[in-house]
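For reference, the structure discussed in these notes is given below.
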Amino acid sequence: MSLLEVANLTVLDSRRPGRDAYAEDATRLVDSVSFALEERQTVAIVGEPAGGTLPLALAIVGLIPAAGGDIRFDGQSLVGLSDRRLRPFRRQMQVLFSDPFGALPSHQTIARMLLATRVFVGGSRARAERVRDIERAMEKARLPMATRTRRPGDLEPSERQRAQLARALLFHPRLLICHDFTRGLDASIQASLLNRLCDLRDEYRLTLLVMTDDLAVASHLASEIHVLSRGKIVESGTPETIASQPNHEYTRRLIAATVTRH
3 MSLLEVANLT VLDSRRPGRD AYAEDATRLV DSVSFALEER QTVAIVGEPA
53 GGTLPLALAI VGLIPAAGGD IRFDGQSLVG LSDRRLRPFR RQMQVLFSDP
103 FGALPSHQTI ARMLLATRVF VGGSRARAER VRDIERAMEK ARLPMATRTR
153 RPGDLEPSER QRAQLARALL FHPRLLICHD FTRGLDASIQ ASLLNRLCDL
203 RDEYRLTLLV MTDDLAVASH LASEIHVLSR GKIVESGTPE TIASQPNHEY
253 TRRLIAATVT RH
């Protein structure tokens, strides 16, 4: 049984005033998308946020509704569940966003944010235990201890991403969804973060769903790639097959962009 299974998922654009999320003439942000992740597998969805990767990520964790299809986590359908019933599944599925400002509370220091997360997760109430867990998460994310007293706006871009990662680790997730997690970072910093994800994947036996418009990033992490264009999967294969035998024009454009970028 797959850890995550997405079957014929459709997500419609309901942002315009008065728009019904299930109206037949609504724009399809995600259009009949299907894929699966086995436990401890890394799969990449390659495409642009506007091409469907962001609504796909949000739909998987129940932050926007699915208009059709199914999403199953560990065999349980998540479509249509209330926030209360989704909560235990969301703990096991953590999302790392490209824009940490939207994911991190701007008014809290890193220490307070991580403490609030640790309290929410539960476990031992002993202060020493909580501090130990927070420091371990920071160390695993390679987030400097000196950042504890700072707010997200005072951090370097890579430190904000590491703060997201440290918080996610406190949940002891089974699945990490990385949405353009290294976008805009210098090549050396990007490589460092990607290598850290690989190490954590092996250490914690994590399953990774990587969403990016960079084929090099996808190939670095994933054993299987799905190319997403205008809400549809247009091509699937191993990194080697995608790179050497691209069938779709959008895939060829992604390859050309990767060569230029790197």
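Here the numbering used here is used: the first residue of the sequence shown is 3, the next is one more, and so on. Backbone N, C-alpha and C fix where the C-beta goes; we use that ideal spot for every residue, glycine too. These numbers come from a predicted model, not from an experiment.
Partner residues in the beta bridge of Glu237, as assigned by DSSP, are Val229.
Closest in alpha carbon position to Thr262, among Asp216, Glu242 and Asp135, is Asp216. Comparing alpha carbon positions, the residue from Pro154, Arg74 and Ser126 closest to Ile112 is Pro154.
Rounded to whole angstroms, Thr243 and Glu251 show a C-alpha spacing of 15 Å. The criterion of a C-beta distance shorter than 8 Å is not satisfied by Gly54 and Leu177.
Taking Ser221 as reference, the option from Ile73, Thr240, Val123 and Arg185 with the minimal CA-CA separation is Thr240. Annotation: Ile66 to Asp76 spans about 20 Å, alpha carbon to alpha carbon. In this structure Val123 is exposed. Its beta-carbon is surrounded by fewer than 16 other beta-carbon atoms within 10 angstroms. Note that the C-beta distance between Phe183 and Leu98 is below 8 Å. Rounded to whole angstroms, the separation of the alpha carbons of Thr214 and Glu50 is 7 Å. Counting of Cβ neighbours within 10 angstroms places Ala52 among the exposed residues, the total staying below 16. Its chain contains Leu11, Val13, Val32, Pro67, Ala68 and Ile73 as the residues whose beta carbon lies nearer than 8 Å to that of Ala61, once the 5 sequence neighbours on both sides are disregarded; these appear in chain order. Between Leu39 and Leu6, the beta carbon gap of about 4 Å places them in contact (Cβ cut-off 8 Å). Per the coordinates, the alpha-carbon of Ala105 lies some 8 Å from the alpha-carbon of Gln166. The alpha-carbon of Gln163 is positioned some 9 Å away from that of Asp101.
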